[in-house]
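In order, the protein sequences belong to chains A and B. Quick note: the first sequence uses the numbering used here, first residue 1077, plus one each step. Quick note: the second sequence uses the numbering used here, first residue 90, plus one each step.
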Amino acid sequence: DTAVSQTPKYLVTQMGNDKSIKCEQNLGHDTMYWYKQDSKKFLKIMFSYNNKELIINETVPNRFSPKSPDKAHLNLHINSLELGDSAVYFCASSLTGTGIGGTDTQYFGPGTRLTVL
Amino acid sequence: GDSVTQMEGPVTLSEEAFLTINCTYTATGYPSLFWYVQYPGEGLQLLLKATKADDKGSNKGFEATYRKETTSFHLEKGSVQVSDSAVYFCALTGNTPLVFGKGTRLSVIA
Chain A
1077 DTAVSQTPKY LVTQMGNDKS IKCEQNLGHD TMYWYKQDSK KFLKIMFSYN
1127 NKELIINETV PNRFSPKSPD KAHLNLHINS LELGDSAVYF CASSLTGTGI
1177 GGTDTQYFGP GTRLTVL
Chain B
90 GDSVTQMEGP VTLSEEAFLT INCTYTATGY PSLFWYVQYP GEGLQLLLKA
140 TKADDKGSNK GFEATYRKET TSFHLEKGSV QVSDSAVYFC ALTGNTPLVF
190 GKGTRLSVIA
């Protein structure tokens, strides 16, 4: 069974559109994350949620809004897409923790490649 | 703030060669250190980790030792295989969320 899954795997859309990426984990973890990986493979955290509560919100434009309906899901909604939003977005989860410090392993989903035309 | 610096790639090696990927860090306090690996078209997977000074993490023939005196966590493998071709990320977490280095692409040729 897939531990952390994301849909869709690929997303191609026009500038100005609104889109969502879904993430689900079946590991029973308390903490979930969204990361952005740019074209040079640089990875940066965007958000983390612990038990459905927002813990980390890095300097991400407010066009990006995460939503956690329950602790197994963390979806990412993006409004008014821009060319610079093109990237691979990874969801991840860890057993405990706030995402700050700690030794918990983070388990990553397969990624969603977003292309904005 | 906390940061990780790892050697620029790409690194190309022949099968059975010795691998070293350098990683140094800057952090306040006592961070935990990680190596993650990303195979083509996949998400990241934890390769190994170390949570305190002088700890050695090891997995699948890879090793890295947490060196506080040199603030380093270099990744080594004695004999690489074609299947080790991937991007390797050094990372830390301390008083910050997980911070990644820029990744080192390794290509192993038969």
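Even glycine gets a Cβ: it sits at the ideal position worked out from N, Cα and C.
{"Check": "Since glutamine 1182(A) meets chain B, which of its residues come closer than 7 Å, beta carbon to beta carbon?", "Outcome": "Leu187"}
{"Check": "When the Cα of asparagine 1093(A) is compared with those of Arg1189(A), Glu1158(A) and Ser1169(A), which residue comes out closest?", "Outcome": "Glu1158(A)"}
{"Check": "So, is the C-beta of glutamate 131(B) closer than 8 Å to a C-beta in chain A?", "Outcome": "yes"}
{"Check": "Considering only C-alpha positions, which residue in the set Thr1089(A), Asp1180(A), Trp1110(A) and Leu1119(A) is nearest to glycine 190(B)?", "Outcome": "Leu1119(A)"}
{"Check": "How about threonine 1083(A): is its C-beta nearer than 8 Å to some C-beta of chain B?", "Outcome": "no"}
{"Check": "Within 10 angstroms of its Cβ, does leucine 1193(A) collect 16 or more other Cβ (buried), or is it exposed?", "Outcome": "exposed"}
{"Check": "Grab me the residues of serine 147(B)'s own chain with a C-beta within less than 7 Å of its C-beta, minus the 5 sequence neighbours each way, in chain order.", "Outcome": "Leu137"}
{"Check": "Using DSSP with H/G/I as helix, E/B as strand and the rest coil, what is serine 1115(A)?", "Outcome": "coil"}
{"Check": "Return helix, strand or coil for glycine 130(B), following the three-state DSSP convention.", "Outcome": "coil"}
{"Check": "Below 6 Å CB to CB, which residues in the same chain sit around serine 161(B) once its five sequence neighbours on both sides are set aside?", "Outcome": "Thr113"}
{"Check": "Along chain B, in chain order, which residues have C-beta atoms closer than 7 Å to that of proline 1186(A)?", "Outcome": "Glu131 and Gly132"}
{"Check": "In angstroms, rounded to a whole number, what distance separates the CA positions of leucine 187(B) and serine 174(B)?", "Outcome": "24 Å"}
{"Check": "Tell me, please, whether the CB atom of leucine 135(B) is closer than 8 Å to any CB atom in chain A?", "Outcome": "yes"}
{"Check": "Below 9 Å between beta carbons is the criterion; list the residues of the segment 164-181 of chain B that meet it against any residue of chain A, in chain order.", "Outcome": "Val176, Phe178 and Ala180"}
{"Check": "Anything in chain A within Cβ reach of lysine 145(B), meaning under 7 Å, just list it in chain order.", "Outcome": "Going along chain A, no residue has its Cβ under 7 Å from lysine 145(B), so there is no contact; the nearest lies around 15 Å."}
{"Check": "When you compare the segment 101-111 of chain B with the segment 1101-1119 of chain A, are there three or more beta-carbon pairs, one atom per stretch, that lie closer than 8 Å?", "Outcome": "no"}
{"Check": "According to a CB-to-CB cut-off of less than 7 Å, which residues of the segment 1080-1105 of chain A neighbour chain E?", "Outcome": "The chain inventory of the structure shown lacks chain E, comprising the protein chains A and B."}
{"Check": "If I measure Cβ to Cβ from arginine 1139(A) and keep anything under 7 Å in the same chain, skipping five residues before and after, which residues do I get?", "Outcome": "Ile1154, Asn1155 and Ser1156"}
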